[in-house]
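**Student:** The structure that follows is given in the form of structure tokens.
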Amino acid sequence: SDKLIFYKEYPSQEHADPNDEESGGFFKILTMFINDSFIGQADSETCTIIACFACAGPVNDNCCLFTNVADGKFKVDGKEVVEHFLCIKAASVVNDFVGMGYGALTLDIAEECICINPGVPIDPTGPIACVGAGTGLGECYLVTTTGTKDGYMCFPSEGGHSDFAPRNDLEIEMFKFIKSKFSCSHRTSIERIASGSGLANVYEFLATKFPDRVDKAVHAQIESTIDMKGMYIATNAKTGTLCEQAMQIFASAYGAEVSSVAVKFIPTGGLFLTGGLTPKNLKYIQGPDTPFMKSYLDRGRLSHLCLKTPVYAVIPEDLGVRGARTCALRDLRIYEEKQKSVRSSFEHTSKSDDTYSLNNILLAGSCAAACSLLLMNLLQKK
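Quick note on this note's numbering: the sequence shown kicks off at 39 and runs consecutively.
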């Protein structure tokens, strides 16, 4: 078991520094976190800190470069973290949806999920898939290599960039509009519709096609921001409005993509809807008559397969940092195999849940618009 020691969030843009050639400001965030927690006072000779950071961006060679933060200089590099912070013995960097996938393994489905489609009972060792609409559209899948839950491996996917397939005449017009907007010759991605940024594209199309239905006050509010357009559209989705129609189109496209994932991976271990847009917009997702479910089950000859797939909406939004913690724990086990001398500290036993050793600590982070960082201390019960 483990015990939460410290948790804090740091807005990435607020602390980003384009003049910092080393990390673009990430080291500043990590230094603040170490100083804010007591861990900066730990003895680096006896304390084993293993870190994992789940980052919203492509990961190459244990490094993620954030193209939209600090003029593209905000960087999380596992090798450089270990070199810069002597108290951290090992650090890995994974894609944010890999973190999301491992985080799904920690879910208490009865308490933390809402059933969207019951399907057949979950196979405890079956394939698992996650699809999450947030700022973008993320996807991943997991399979077990050992036949047990502990053996699950998560694999990243860029499925959010698969093609959008319009389903009616209005969506064909929208497809042409979005294709033109982004200067695409022949195609556009499902993420351009089924995400927070996609929701803004859908609304823009509708406002252009139906100018007489535009609510000027709402439109001005939406146009006044860059990052919050999706939120303003969702909060102004009153009956009969363009915002409501945009939400319906978004949910329909989201359901169609989740249906595609269901037939691609046949996730008998569960298909989990994550991301910030899912729990906030359940009225468009949950129920047989919602736009999401109508599209999800509209799979022709394979509709029966989608009907059998258990689908759950995830309510907590901390799966990324949970998954980073899971990865850090696995990294600790690998580190211990390589460093036998650490074994004696790991075998320390706690007298109670309120007393614990500083010898083995997991530092888990989820890095996107904010860097959410936590410390967990491993406890060994008698």
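The C-beta atom is built at its ideal place from N, Cα and C for all residues, glycine as well.
(1) Given I287, which residues of its chain have a CB within under 6 Å of its CB, disregarding the five upstream and five downstream residues?
(2) Spell out the partners DSSP gives L401 in its beta bridges.
(3) Count the other CB atoms within 10 Å of the CB of E209; is the residue buried (16 or more) or exposed (fewer)?
(4) Which residues does DSSP list as the beta-bridge partners of L124?
(5) Given this structure, state the Cα-to-Cα distance separating K346 from G63, to the nearest angstrom.
(6) Between the Cα of Q324 and those of F310, E282, P165 and A351, spot the shortest distance and give me the residue it belongs to.
(7) Report the three-state DSSP secondary structure of I43 (helix, strand or coil).
(8) Check K302 in the structure and name its three-state DSSP category.
(9) Taking the DSSP output, what are the residues bridged to M191?
(10) Quick one: what does DSSP say N112 is sitting in, helix, strand or coil?
(11) Put D392 into one of helix, strand or coil per three-state DSSP.
(12) What first and last residue would you give for the beta strand (DSSP E) that runs through V107?
(13) Give the secondary structure of G361 by DSSP, where H, G and I count as helix, E and B as strand, and everything else as coil.
(14) Is I88 near A54, with beta carbons less than 8 Å apart?
(15) Alpha carbon to alpha carbon, how far is V296 from V169?
(16) Could you check the C-alpha separation between T69 and C102 for me, to the nearest Å?
(17) Helix or strand or just coil, what does DSSP make of N239?
(18) Cutting at 7 Å between CB atoms, please list the residues of its own chain near L367, excluding the five before and the five after it.
(19) According to DSSP, is A366 helix, strand or coil?
(20) Please classify C281 as buried or exposed, where buried requires at least 16 neighbouring CB atoms within 10 angstroms.
(21) Just to check my reading of the structure: P329 and S290 have Cβ atoms closer than 8 Å, yes? What is that Cβ distance to the nearest angstrom?
(22) Which ranges does the alpha helix (DSSP H) cover as unbroken runs of at least 4 residues, wholly within the stretch 205-273, from first to last along the chain?
(23) Flag this pair as yes or no: are the beta carbons of S50 and V131 separated by less than 8 Å?
(24) Tell me whether the beta-carbon of L335 lies closer than 8 Å to the beta-carbon of V301.
(25) Please determine, among I271, F243, L311 and G174, the residue with the shortest C-alpha to C-alpha distance to A255.
(26) Ends of the beta strand (DSSP E) at Y350?
(27) Are there 16 or more other CB atoms within 10 angstroms of the CB of D220, so buried, or fewer, so exposed?
(28) DSSP state of P49, grouped into three classes?
(29) Could you tell me whether any non-hydrogen atom of the ligand NAD is closer than 7 Å to the CB of F44?
(30) Report buried or exposed for G308, applying the criterion of at least 16 other Cβ atoms within 10 angstroms of its Cβ.
(31) Can you tell me which of the three DSSP states L315 falls into?
(32) Do you know offhand how far E196's Cα is from L244's?
(33) Measure the beta-carbon distance from G185 to L357 and round it to whole angstroms, keeping in mind my assumption that it falls under 8 Å.
**Tutor:** Working from what's here:
(1) V240
(2) A89 and L413
(3) buried
(4) Its beta-bridge partners do not exist; DSSP assigns none.
(5) 47 Å
(6) A351
(7) strand
(8) helix
(9) V181
(10) The displayed chain sequence assigns Phe, not Asn, to residue 112. Three-state DSSP puts F112 in a strand.
(11) Any reading at D392 must be qualified, since the residue scores a pLDDT of 40, below 50, and its modelled position is unreliable; no value is offered.
(12) Careful: V107 lies outside any beta strand (DSSP E) and carries neither H nor E.
(13) helix
(14) no
(15) 7 Å
(16) 18 Å
(17) helix
(18) L400
(19) helix
(20) buried
(21) 4 Å
(22) 207-219, 234-247, 254-261 and 267-273
(23) no
(24) no
(25) I271
(26) V349 to V352
(27) In the sequence as displayed, the identity of residue 220 is Phe instead of Asp. Its Cβ having fewer than 16 others within 10 Å, F220 is exposed.
(28) strand
(29) As presented, the structure is devoid of all ligands, the ligand NAD included, so that no description of it is given.
(30) buried
(31) helix
(32) 27 Å
(33) Contact doesn't hold; Cβ gap of about 24 Å is too wide.
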